[in-house]
Amino acid sequence: MIYEIKKYPNPILRKKASEVKKIDNKIKMIALNMVETLNAYNGIGLAGNQVGILKRIIVIRTKDAPFIIINPKITRTSGTEEIEEGCLSFPGLFNIIKRSVCIGFKGLDINGLAIQGNVEGLIARAIQHEIDHIDGILFIDRMNKDERKRVLPEWRKIRSD
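Structural data, given as structure tokens:
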């Protein structure tokens with residue numbers, strides 16, 4: 012099942028998602044549907060609240076296979092870089108965002124098994140972006156105030172045309 016992507020300014024995007032207490036068939040189906048949705052929209056990452064589900068579930072596209080992390084946490088960071096970033100909840104909006112280059116993370120896989128790892132580059136950036144989402148933080152919040160004031164009206168105008 013392909014979910015509808017919630018677009019800004021939908022208020023659910025500002026809500027903090029709750030931790031998954033038990034990974035049952037319903038949670039597994041949500042995660043698999045999120046993977047299907049991510050693929051349908053040709054995205055890099057997707058968070059629960061972007062599809063209207065306030066659970067701490069993120070999915071990340073990698074070159075090998077989609078990567079599901081339930082209750083993800085960042086355990087360490089190193090280095091920073093500024094790179095252009097976009098978001099499925101802000102179609103057509105791209106801006107330079109500063110994030111850590113390398114991160115350590117932990118969470119659970121779709122079977123409830125503990126996972127952890129160290130990643131860098133695009134995957135690290137995507138995990139940080141999606142964890143922001145489940146914390147109710149949007150990528151526009153990572154822009155400086157002047158930049159946000161500049162790009163949001165332009166984006167709204169494009170969206171209304």
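Residues in the sequence shown are numbered from 12 upward in steps of one, following the numbering used here. We treat Cβ as the ideally placed atom computed from N, Cα and C, and that holds for glycine. For clarity, every value in this text was computed on a predicted model and none was experimentally measured.
Between N60 and I145, the C-beta gap is smaller than 8 Å, which places the two residues in contact. Taking one beta carbon from each stretch, the region 67-83 and the region 149-167 have fewer than 3 pairs nearer than 8 Å; the two do not touch. The straight-line gap separating the alpha-carbon atoms of N82 and L65 is approximately 12 Å.
In this structure, P77 lies away from L104, with their beta-carbon atoms at least 8 Å apart. Assignment of A76 by DSSP, reduced to helix, strand and coil, places it in the coil class. Contact check for I114 and A135: beta-carbon distance about 5 Å, within the 8 Å limit, so the pair qualifies. Taking a 10 Å sphere around the C-beta of M40, we find fewer than 16 other C-beta atoms and assign the residue as exposed. Between G63 and K18, the gap from beta carbon to beta carbon reaches 8 Å or more.
Closest by C-alpha distance to F101, out of E47, G54 and Q127, is G54. Taking 8 Å as the cut-off, the Cβ atoms of E141 and L57 count as close. Between the alpha carbons of I38 and L119 lies a gap of roughly 12 Å.
DSSP places A125 inside the beta strand (DSSP E), whose first and last residues are A125 to E131. In this structure, the beta-carbon distance from F116 to I85 falls below 8 Å.
With contacts defined by Cβ atoms closer than 8 Å, K109 and T91 form a contacting pair.
Taking S29 as the centre and dropping the five residues before and after it, the same chain places the C-beta of L65, K66 and R67 closer than 8 Å to its C-beta, in chain order. Looking at the backbone, the Cα of R25 and that of K160 are separated by about 18 Å.
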